[in-house]
Amino acid sequence: MAGDTLATAPRTDAEISGLDALELAGRDQSRTRASRLWAATWPKLAALALALATWQVVVWTGWKPEYSLPGPAAVGRELLRQVSGVQLWDGLATTLRRAALGYLFSVAVGLLLGLAVARSRILRAAIGSMITALQTMPSIAWFPLAILLFELSEKAIFFVVVLGAAPSIANGVIAGVDYVPPLLLRAGRNLGARGLNLYRYVIAPAALPAIVAGLKQGWAFSWRSLMAGELIVVGISQTSLGAQLTYSRELSDAPWLISTMIVILVLGLVVDAAFGAADKAIRRRWGVLDQAGQ
Numbered sequence: 001m002a003g004d005t006l007a008t009a010p011r012t013d014a015e016i017s018g019l020d021a022l023e024l025a026g027r028d029q030s031r032t033r034a035s036r037l038w039a040a041t042w043p044k045l046a047a048l049a050l051a052l053a054t055w056q057v058v059v060w061t062g063w064k065p066e067y068s069l070p071g072p073a074a075v076g077r078e079l080l081r082q083v084s085g086v087q088l089w090d091g092l093a094t095t096l097r098r099a100a101l102g103y104l105f106s107v108a109v110g111l112l113l114g115l116a117v118a119r120s121r122i123l124r125a126a127i128g129s130m131i132t133a134l135q136t137m138p139s140i141a142w143f144p145l146a147i148l149l150f151e152l153s154e155k156a157i158f159f160v161v162v163l164g165a166a167p168s169i170a171n172g173v174i175a176g177v178d179y180v181p182p183l184l185l186r187a188g189r190n191l192g193a194r195g196l197n198l199y200r201y202v203i204a205p206a207a208l209p210a211i212v213a214g215l216k217q218g219w220a221f222s223w224r225s226l227m228a229g230e231l232i233v234v235g236i237s238q239t240s241l242g243a244q245l246t247y248s249r250e251l252s253d254a255p256w257l258i259s260t261m262i263v264i265l266v267l268g269l270v271v272d273a274a275f276g277a278a279d280k281a282i283r284r285r286w287g288v289l290d291q292a293g294q
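Going by full-length UniProt numbering, the sequence shown opens with residue 1, and the numbers climb by one from there.
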């Protein structure tokens, strides 16, 4: 038996060496940073070019007059004019300030509510389903109540932003905590983790991927709620992006309207890229993504 074990040892070592060689070869053949960047960029550029071409073709067909549906060139000129002016940046600052305040408050409420419900059977039985019901509630449906409570003010907008985003964040936290392995919790307790330390060193790191997913979804809800609020509660500020959308529609200024929509779209892409980078870093830390980002 000992002889068989000794005989198989060189074979095992050779197999492991072969696997290591395959892994090293794969890494040697990995793409350079520039090629990976290009591989990630060209599909987006191709999609953008296709969208612009389709847009221009629709304009050429004469489906709508150009004062209602201008072409990419006219919108591009208006966008450049807006970028070089002050009005766009004032509106951007106002909207981003509201977005940051509303989202941060939503994160605080969602995290606390999610952790409380996830670790308390009584709270889960009492309000667990209510959180999901609030998440499915269209944000626009809250505005009549918000205006009755807070009139045409920023408080009305923040009220809807928090109600739109916090339930989604809370559900992400609940899902993440629910999927923490019980063995990990027992190991943490055996090592002396109790109370806040258990959350800090065991539960939060294990639930982090789901929490980040909930934060991303919460941002989407808060951004949509904010845009709806600025379109409806337009009297409180003439500089926000939502107000500019309303004024451009009232003035039938299609280039201004579409250029403002493009700014809103770009902001969404930037935030999505930030969440994507955070998700990628987490997956790399968890070992499901190698250092090359493959």
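Where a beta carbon is used, it is the ideal one built from N, C-alpha and C, also for glycine. Remember, predicted model here, so these are calculated numbers, not experimental data.
C-alpha distance - residue i paired with residue j, whole-angstrom precision
i, j, result
"PHE150", "PRO65", "41 Å"
"VAL83", "GLY276", "27 Å"
"GLN217", "TRP142", "19 Å"
"ASP272", "ALA210", "16 Å"
"TRP219", "ALA99", "9 Å"
"LEU184", "VAL202", "7 Å"
"GLY114", "LEU251", "45 Å"
"ALA73", "ARG33", "34 Å"
"residue 306", "THR246", "Not covered by the structure: residue 306. The range shown for the chain is 1 to 294."
"ARG124", "GLU154", "32 Å"
"residue 307", "ASP178", "Look at the range of the chain in this structure, 1 to 294, and you will see that residue 307 is not part of it."
"residue 376", "THR95", "Given a span of 1 to 294 for the chain in the structure shown, any question on residue 376 remains unanswerable."
"ALA278", "ALA53", "33 Å"
"ALA274", "LYS280", "10 Å"
"ILE157", "ARG186", "44 Å"
"LEU112", "LEU145", "25 Å"
"ALA126", "PRO205", "27 Å"
"PRO181", "VAL161", "33 Å"
Burial state of residue i, where buried means 16 or more other Cβ atoms lie within 10 Å
i, result
"ARG121", "exposed"
"ALA228", "buried"
"SER129", "exposed"
"TRP256", "buried"
"GLY110", "buried"
"PRO138", "exposed"
"GLY188", "buried"
"GLY106", "The question names Gly, but residue 106 in the sequence shown is Ser. It is buried - the Cβ of SER106 has at least 16 other Cβ atoms within 10 Å."
"PRO167", "buried"
"VAL270", "exposed"
"LEU22", "Note on LEU22: pLDDT 47, under 50, position unreliable in the model; the coordinate value appears next. Under this definition LEU22 is an exposed residue."
Distance CB(residue i)-CB(residue j) smaller than 8 Å
i, j, result
"SER222", "GLY268", "no"
"LEU231", "THR260", "no"
"GLY172", "LEU215", "yes"
"TYR67", "ALA254", "yes"
"residue 345", "GLY102", "Absent from the model: residue 345. The displayed extent of the chain is 1 to 294, so no value can be given."
"GLY91", "ALA243", "yes"
"GLY71", "GLN56", "yes"
"VAL233", "LEU134", "no"
"ALA170", "ILE140", "no"
"LEU48", "VAL59", "no"
"VAL117", "ILE258", "no"
Minimum Cβ-Cβ distance from residue i to chain B less than 8 Å
i, result
"SER68", "Judged by its chain identifiers, the structure shown contains no chain B, having just a single protein chain."
Element boundaries [alpha helix (DSSP H), containing residue i]
i, result
"MET261", "254-285"
"VAL83", "72-84"
"ILE127", "121-136"
"LYS44", "33-60"
Counting only runs of 4+ residues fully inside the segment 224-251, write out the alpha helix (DSSP H) ranges in chain order.
Restricted to the segment 224-251, the alpha helix (DSSP H) segments that are unbroken, complete and at least 4 residues in length are 241-250, listed in chain order.
Would you mind listing the alpha helix (DSSP H) stretches within the segment 150-203 that are 4+ residues and don't spill past its ends, in chain order?
Here the runs fully enclosed are 154-178, 182-190.
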